[in-house]
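To keep things clear, I will list the structure first and then write my remarks on it.
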Amino acid sequence: MSTSTGQRLAGHGLAVVLPARWEGRLYRRTVGAVAPLATGRAMPNAAGRTATNATGWAGEVSHPILHLANFALPAVRGDYGTGAVERMAPEHIFVALLEFGPDCLGTALYAPAGLPRLQAGQFNPNGLQRRVAGQAGFQHFFTEANRPFCLYVVIGSHQQAVPLTRQVNQILDRIEVGR
Amino acid sequence: MTALVVIETVILAVLCVLVAGLLRGYAAVLRRLHELDGGALPATADAPPPFRTAPAVVEPAQRIEGRDEWAEAHDIEGITLRGEIASVRTVGVEHDTVLAFLSSSCEGCAGFWHELAEDWGVPDGSRLVVVARGSEQESPSVLSQLCPPQVDLVMSSQAWTDYAVPGSPYLVVTDGRTGRVKGEGSGSSFSQVGGLIRQSIEDGKHPALARKPDADRRRERDIDRILLGAGIGPNDPSLYGPSEEEHR
Chain A
0 MSTSTGQRLA GHGLAVVLPA RWEGRLYRRT VGAVAPLATG RAMPNAAGRT ATNATGWAGE
60 VSHPILHLAN FALPAVRGDY GTGAVERMAP EHIFVALLEF GPDCLGTALY APAGLPRLQA
120 GQFNPNGLQR RVAGQAGFQH FFTEANRPFC LYVVIGSHQQ AVPLTRQVNQ ILDRIEVGR
Chain B
0 MTALVVIETV ILAVLCVLVA GLLRGYAAVL RRLHELDGGA LPATADAPPP FRTAPAVVEP
60 AQRIEGRDEW AEAHDIEGIT LRGEIASVRT VGVEHDTVLA FLSSSCEGCA GFWHELAEDW
120 GVPDGSRLVV VARGSEQESP SVLSQLCPPQ VDLVMSSQAW TDYAVPGSPY LVVTDGRTGR
180 VKGEGSGSSF SQVGGLIRQS IEDGKHPALA RKPDADRRRE RDIDRILLGA GIGPNDPSLY
240 GPSEEEHR
């Protein structure tokens, strides 16, 4: 893998072929237990921190989350990009695709069918999880392949919404959702 | 009156022919200059014109292609300690990337892990990624103890192969714009090698280097190498034409 294009990220029933400059992370948040790669008990690391990624509450079931960005994603990020969006320059884009539980299927919120394609006018500074100067966001709930999802997109500059939306749609074209 | 109109028309026609001839000659000159500049080739905008020697100068046997002094950089795919399937770009990006190939079991890595825990400051404009081998050869639980959560660690045996890592600890600095490795080596800690990393990164951002197009720098490097290969070093007399006195 020596080129900067064509990297394929796949897992948890989701896949995307990344264009040049884009990178991604695909994961399921670990809940009620330590991370799958850890030993099974939380241990302090060299920094004195606890080496567990457990979040959420006991019994919670986590679902796949896909993060895509045309900038360097930091190691620690919230599901909706907290920790990453603060680093965005005006030309940057952050895309989060979050799956929800099957109990959401058939509800009015998730009634729209299919991964949407966006228009520049749909981005709004008030559509951000937390407002960051210059940025604009978009959130949409939908069902694809009988799986309920939330799409959350942040663009680095509301003023450049037109060209950035074009890039957003190009990356959305590359996302595959399996059944 | 009719005669005057006819004469004017003839003069106008002659002038038109003259102007067309001048434009044609000008176009031929431009085309020729474009060819001399290598523009006639279907080259990319970044590609330098082909290397040619002057008439009567033997062309060197060594090919210009194959610039192995700067190895190709590779994007990284692997798994993070959080279980994320990760893709990390090192090629075609604006920033440099410091890749620290570390292992949980190597004694020489202790200094690096210790400084990571103490928040070692990566040089401005660059990104630090710790690369460990895949979970088939590495202990994720021990790595979780060693690596602070805010540090990006990707487990990827493929990356070790791609970068031909001879052993750990090993550091590689990649240039995101050129997609090339700009420095690599080993050491005992980040602070020991940090100066070299910073120098490498700062050099790349220095205006004296940044203003010169990549194609020009590559061409200069190629010509220097060929001259040195032919035994012609700096200030070699053959590099200079005969002096005016010799002419006389």
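Residue numbers (numbering that gives the first Met the number 0), protein chains in the order written: chain A, 0 to 178; chain B, 0 to 247. We put the beta carbon where it would ideally sit given N, CA and C, even for glycine.
- Chain-ordered, the chain B residues with CB closer than 7 Å to the CB of L25 of chain A read E83, I84.
- Within the segment 138–151 of chain B, those residues whose Cβ lies closer than 7 Å to any Cβ of chain A are, in chain order, P139, S140, S143, Q144, L145, C146, P147, P148, Q149, V150, D151.
- C15 of chain B counts as exposed, since fewer than 16 other beta carbons sit within 10 angstroms of its beta carbon.
- The continuous stretches of alpha helix (DSSP H) do not include P89 of chain A, and DSSP gives it neither H nor E.
- Assignment of alpha helix (DSSP H) within the segment 90–119 of chain B, counting only whole runs of 4 or more residues, yields 109–116 in chain order.
- Between G232 of chain B and D223 of chain B, the alpha-carbon positions lie close to 8 Å from each other.
- With 16 or more other Cβ atoms from the protein chains shown falling within 10 Å of its own Cβ, P147 of chain B counts as buried.
- Nearest CB-CB separation between V75 of chain A and chain B: below the 8 Å threshold.
- Judged by DSSP in its simplified three-state form, C149 of chain A adopts strand.
- Partner residues in a beta bridge of N125 of chain A, as assigned by DSSP, do not exist.
- Counting every other CB atom within 10 Å of its CB across the protein chains shown gives G182 of chain B a total of 16 or more, marking it as buried.
- In this structure, Q134 of chain A and I154 of chain A form a Cβ contact; the two beta carbons are roughly 7 Å apart against a cut-off of 8 Å.
- Note that the C-beta distance between A112 of chain A and H66 of chain A is not below 8 Å.
- Contact between F141 of chain A and P115 of chain A holds, since their C-beta atoms are separated by about 6 Å, short of 8 Å.
- By the C-beta density criterion, L25 of chain A is buried, having at least 16 other C-beta atoms within 10 angstroms.
- Around R179 of chain B, the same chain offers W69, A70, E71, A72, T173 as residues with beta carbons nearer than 8 Å, after the five sequence neighbours per side are excluded.
- In the DSSP annotation of this structure, A70 of chain B is not part of any alpha helix (DSSP H), being labelled neither H nor E.
- Contacts with chain B at 8 Å (Cβ-Cβ) do not include L96 of chain A.
- For R7 of chain A, the three-state secondary structure derived from DSSP is strand.
- For V87 of chain B, at least one C-beta of chain A is nearer than 8 Å to its own C-beta.
- In the three-state reduction of the DSSP assignment, G194 of chain B falls in the helix class.
- For T173 of chain B, the enclosing beta strand (DSSP E) starts and ends at 169–174.
- Rounded to the nearest angstrom, the gap between the Cα atoms of Q191 of chain B and A99 of chain B is 13 Å.
- For Q6 of chain A, the C-beta contacts it makes with chain B under 7 Å involve D74, E76, S86, in order along the chain.
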